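Chemist: Per the numbering used here, the very first residue in the sequence shown carries number 329; after that it's consecutive.
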Amino acid sequence: MADGCARSRLAERNRAFHERGTDAKAFEYIGDMDYEYNADIGLAYASPVRGVWNIVHIGTLVPGGHQIYVCPTSCLRGVVLTTAEMGRMDKLSTITVGEDNIIEGNMEEQLLHGTERIIRELPERPRMIMIFTSCVHHFLAVNYKRVYRILQKEFPDIDFVDCYMDPIMRRTAPVVPSLWRQMHRVLRPGQEKSSKQVNYIGNCFHYSSKYCDLTALLEENGIRVLEANHVRDYDEFLNMGKSSVNFYFHKTGERAVKDLQIRLEQPYFWLRPGYSYEEYEEDLSKAAEILGISAPTSDFFEREREKTEMEIERTKSALGDVPIAVDYTAVDQPLELSLFLLQHGFHVESCYQDVFTEGEEIFQKLQREKPDLKIYGVYGWNIRGIERTHEGKIVAIGQKAAYFNGTPYFVNIVENAGSYGTDGMYGYRGLRRLMVLLREAAEEPKPMKQLVQFKGWGCDLR
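1. In terms of alpha-carbon separation, which member of Val650, His394 and Leu515 lies closest to Val585?
2. Going by DSSP in three states, Phe597 sits in which element: helix, strand or coil?
3. Arg335 by DSSP, collapsed to three states: which one?
4. Can you give me the start and stop residues for the alpha helix (DSSP H) that Asp428 sits inside?
5. Keeping to the same chain, check which residues put their C-beta closer than 8 Å to that of Ala334; ignore five residues upstream and five downstream.
6. Going by DSSP in three states, Thr543 sits in which element: helix, strand or coil?
7. Alpha carbon to alpha carbon, what distance is there between Tyr680 and Glu719?
8. Measuring CB atoms only, is the stretch 475-493 touching the stretch 526-537, in the sense that at least three cross pairs come out at less than 8 Å?
9. Tell me, please, which residues DSSP counts as bridged to Tyr576.
10. Would you tell me roughly how many angstroms separate the C-alpha atoms of Phe575 and Val553, rounded to the nearest one?
11. For Glu555, list the residues DSSP reports as bridge partners.
12. What's the gap between the Cα of Val384 and the Cα of Ala556?
13. For Gly370, count the other beta carbons within 10 Å of its own beta carbon; 16 or more makes it buried, fewer makes it exposed. Which is it?
14. Using a Cβ-Cβ cut-off of 6 Å (strictly less than) and excluding sequence neighbours within five positions of Met568, which residues of its own chain qualify?
15. What does DSSP give as the partner residue(s) for Ser421 in the beta ladder?
16. When DSSP labels each residue in this structure, what does Ile478 get in the three-state scheme?
17. Mapping the DSSP letters down to three states, classify Ile725 as helix, strand or coil.
18. How about Lys521 and Ser462: do their beta carbons lie closer than 7 Å?
19. The beta strand (DSSP E) with Asp682 in it runs from where to where?
20. Would you report the Cα separation of His672 and Leu766, rounded to the nearest angstrom?
21. Contact check, Glu686 vs Gln661 under 8 Å by CB: the rounded distance?
22. When you compare only the Cα positions, how much space is there between Met493 and Val764?
23. Mapping the DSSP letters down to three states, classify Glu772 as helix, strand or coil.
24. Under 8 Å: do the stretch 687-699 and the stretch 710-728 share three or more Cβ pairs, one atom per stretch?
25. Report the rounded CA-to-CA distance for Arg761 versus Lys614, giving the unit in angstroms.
26. In whole angstroms, what is the alpha-carbon distance linking Leu669 and Tyr365?
27. Asn740 and Met753 - do their beta-carbons sit closer together than 7 Å?
28. Less than 6 Å between C-beta atoms, sequence neighbours within five positions excluded: which residues of the same chain meet that for Arg341?
29. Cutting at 6 Å between CB atoms, please list the residues of its own chain near Glu356, excluding the five before and the five after it.
30. Given that a residue counts as buried once 16 or more other Cβ atoms are within 10 Å of its Cβ, and exposed if not, what is Arg455?
31. Enumerate in chain order the residues of its own chain whose CB-to-CB distance from Ala770 is below 7 Å, with the five nearest sequence positions on each side excluded.
32. Is the distance from the Cβ of Val398 to the Cβ of Leu439 below 7 Å?
33. Does the distance from the C-beta atom of Leu665 to that of Lys693 stay below 7 Å?
34. Starting from Asp563, trace the alpha helix (DSSP H) in both directions and tell me its first and last residue.
35. Rounded to whole angstroms, what's the CA-CA distance from Lys635 to Glu772? Just pull it up for me.
36. Reducing DSSP to helix, strand and coil, say where Thr410 ends up.
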């Protein structure tokens, strides 16, 4: 019965697509949609927008670490090109899996002896080696755990970490959340915890006190923050095991913090990355309670609200009626950002995302606030044929929104950070910074086609 209803809804949408123009086939009006939206229904389109970080970029964050990818040639091509583009080939080695390895059944020996040879030939001994096995190893049930035990005995001064490059598991075990967990598996249990030290888990970019309310609160109370992207060396990375609490801003860090709670008995807390003043204040107060420090006062929060509203008004005056497009590569909560901007008088025209990850109440509020908000599925095959232009000026928040609208006026951020050296943005400070970037985007055109081609935007800024 449920399958029949789903097929009926899909048929209705297809009819609606054919009744509209070519561009209209790539989007739906939010007022016509169900919350259980998922655009991944078949043939996918990959745009040339490459700013989002992948496992290669994240793996290079660990100082003293080295990555070994064990994959067929077709898979290794992308890995090698990504690393070369970063200028970090010193952090990468590869072992090629061929048909002969499958036929001869020597996958474990190849993994073992290939890694041994790499270690002996490296100019400098790494402290940590992340070995990425691929789909074929799992298809053939290769006992890679046995190989790692042998390697650990042979090279006791190196921490070996089992990592995975298996896109076939992207639904049940997505590679990025899994890598954040595996990277932190080297942190040792049994260390005495320090109440004056905490970790940020799952951030590609450094979250400084400049644009992050939580970091500012911690620094005011003499509490040090460690994060993989901002440690000096491998020993300081291992020192994260002594932190009293793990905070995370992105859901991609959730598997890691849950694992650390089990292994290291470190509690964790999620700072909701939305655009609600009430949530900012609740989460900061809760973080202070967890750490046993004084929470910000109501007067402080009132001043922060006033400063933020002033910044918003300044930006609204600068943009006027210029339409805005938002995409999921720029911020974690694109629907919530769209709603926030609409409620503050901005003209939000479209949103680019394939799955709704925010609460249904946000979706329903948007349906009431702007039923004609266009939702584009950026991986759906229909979007390939749209005219990548926009009549008149449009400002985009995110690279994909910029590319699909063909606009040079865009906020060039990935995961709420990374625009020309901008640190991670969270809370009132982060929202004010976003308003500044939005004004700059409306006033200063960027070479969009050139910028969106940089794979792992911001890697060169570290």
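Cβ coordinates follow ideal geometry from the N, Cα and C atoms, glycine included. All values reported here derive from a predicted model rather than from experimental measurement.
Modeler: Based on what the coordinates show:
1. Within the sequence shown, numbered from 1, the residue matching residue 585 stands at position 257. Of the candidates Val650, His394 and Leu515, the one whose C-alpha sits nearest the C-alpha of Val585 is Leu515.
2. Indexing the sequence shown from 1 puts residue 597 at position 269. The answer is strand: DSSP assigns Phe597 an E or B state.
3. Walking along the sequence shown from the start, residue 335 turns up at place 7. The pLDDT assigned to Arg335 is 46, lower than 50, so where the model puts this residue is not dependable, and the model offers no usable value.
4. For the purposes of this step, residue 428 is identified with residue 100 of the sequence shown, where counting begins at 1. Asp428 -> alpha helix (DSSP H) spans Glu427 to Glu432.
5. As a working note, residue 334 is residue 6 in the sequence shown. Low confidence applies here, because Ala334 scores a pLDDT of 45, under 50, leaving its location unreliable; read the following figure in that light. Around Ala334: no qualifying Cβ.
6. Walking along the sequence shown from the start, residue 543 turns up at place 215. Note: Thr543 maps to helix in three-state DSSP.
7. Translated into the one-based positions of the sequence shown, residue 719 becomes position 391. Translated into the one-based positions of the sequence shown, residue 680 becomes position 352. Inter-residue distance for Glu719 and Tyr680 is about 18 Å (C-alpha atoms, whole angstroms).
8. By the Cβ criterion, the stretch 475-493 is not in contact with the stretch 526-537, since fewer than three pairs of Cβ atoms, one from each stretch, lie closer than 8 Å.
9. Position 248 of the sequence shown holds residue 576. For Tyr576, which the question treats as bridged, DSSP gives the partners Trp598.
10. Residue 575 sits at position 247 when you count from the first residue of the sequence shown. Residue 553 sits at position 225 when you count from the first residue of the sequence shown. Phe575 and Val553: Cα-Cα distance of roughly 10 Å.
11. For the purposes of this step, residue 555 is taken as residue 227 along the sequence shown, with counting starting at 1. Residue pairing from DSSP places Glu555 in a beta bridge opposite Tyr528.
12. Indexing the sequence shown from 1 puts residue 384 at position 56. Indexing the sequence shown from 1 puts residue 556 at position 228. When rounded, the separation of the alpha-carbon atoms in Val384 and Ala556 is 14 Å.
13. Stepping through the sequence shown from its first residue, residue 370 is reached at position 42. By the neighbour-count definition (other C-beta atoms within 10 Å, threshold 16), Gly370 is an exposed residue.
14. Against the sequence shown, residue 568 aligns to sequence position 240. Result list for Met568: Leu515, Asn527 and Leu554, in chain order.
15. In the sequence shown, residue 421 corresponds to position 93, counting from 1. Paired residues: Ile396.
16. Counted from its first residue, the sequence shown places residue 478 at position 150. Three-state DSSP puts Ile478 in a helix.
17. Sequence index remark: in the sequence shown, residue 725 carries index 397 (1-based). Looking at Ile725 - three-state DSSP - the assignment turns out to be strand.
18. For the purposes of this step, residue 521 is taken as the residue at position 193 of the sequence shown. For the purposes of this step, residue 462 is taken as the residue at position 134 of the sequence shown. Not in contact: Lys521 and Ser462 (Cβ atoms no closer than 7 Å).
19. One-based indexing of the sequence shown puts residue 682 at position 354. Neither: Asp682 is in no beta strand (DSSP E) and is coded neither H nor E.
20. As a first step, residue 672 is located in the sequence shown; it is residue number 344 there, counting from the start. As a first step, residue 766 is located in the sequence shown; it is residue number 438 there, counting from the start. So the alpha carbons of these two residues sit roughly 14 Å apart.
21. Translated into the one-based positions of the sequence shown, residue 686 becomes position 358. Translated into the one-based positions of the sequence shown, residue 661 becomes position 333. Correct: roughly 5 Å between the Cβ atoms.
22. In the sequence shown, residue 493 corresponds to position 165, counting from 1. In the sequence shown, residue 764 corresponds to position 436, counting from 1. Those two C-alpha atoms are separated by around 38 Å.
23. As a working note, residue 772 is residue 444 in the sequence shown. If DSSP states are grouped into helix, strand and coil, Glu772 belongs with coil.
24. No, they do not touch.
25. Taking the sequence shown and counting its residues from 1, the one referred to as residue 761 is at position 433. Taking the sequence shown and counting its residues from 1, the one referred to as residue 614 is at position 286. Rounded to whole angstroms, the separation of the alpha carbons of Lys614 and Arg761 is 24 Å.
26. The count along the sequence shown starts at 1 and reaches residue 669 at position 341. The count along the sequence shown starts at 1 and reaches residue 365 at position 37. Cα atoms of Leu669 and Tyr365: separation of roughly 22 Å, rounded to the nearest angstrom.
27. Walking along the sequence shown from the start, residue 753 turns up at place 425. Walking along the sequence shown from the start, residue 740 turns up at place 412. It is not a contact, given that the beta carbons lie outside the stated cut-off.
28. By one-based count along the sequence shown, residue 341 stands at place 13. Below a pLDDT of 50, predicted positions are generally treated as unreliable, and Arg341, at 48, falls in that range; no measurement from the model is reported.
29. Translated into positions along the sequence shown, residue 356 becomes position 28. Excluding residues within five positions, the ones whose Cβ falls inside 6 Å are Ile703.
30. Position 127 of the sequence shown, counted from the first residue, corresponds to residue 455. Result: buried.
31. Taking the sequence shown and counting its residues from 1, one reaches residue 770 at position 442. Non-local beta-carbon contacts of Ala770 in its own chain, meaning distances under 7 Å to residues more than five positions away in sequence, involve Ala646, Leu647, Val650, Val723 and Tyr737 in chain order.
32. Here residue 398 is taken as the residue at index 70 of the sequence shown, counted from 1. Here residue 439 is taken as the residue at index 111 of the sequence shown, counted from 1. Cβ distance < 7 Å, so Val398 and Leu439 count as in contact.
33. Walking along the sequence shown from the start, residue 665 turns up at place 337. Walking along the sequence shown from the start, residue 693 turns up at place 365. Cβ distance not < 7 Å, so Leu665 and Lys693 don't count as in contact.
34. To locate residue 563, count along the sequence shown from 1; it is residue 235. For Asp563, the enclosing alpha helix (DSSP H) begins and ends at Tyr562 to Leu566.
35. Walking along the sequence shown from the start, residue 635 turns up at place 307. Walking along the sequence shown from the start, residue 772 turns up at place 444. Cα to Cα, Lys635 sits roughly 24 Å from Glu772.
36. Position 82 of the sequence shown, counting from 1, holds the residue named residue 410. Three-state result, Thr410: helix.
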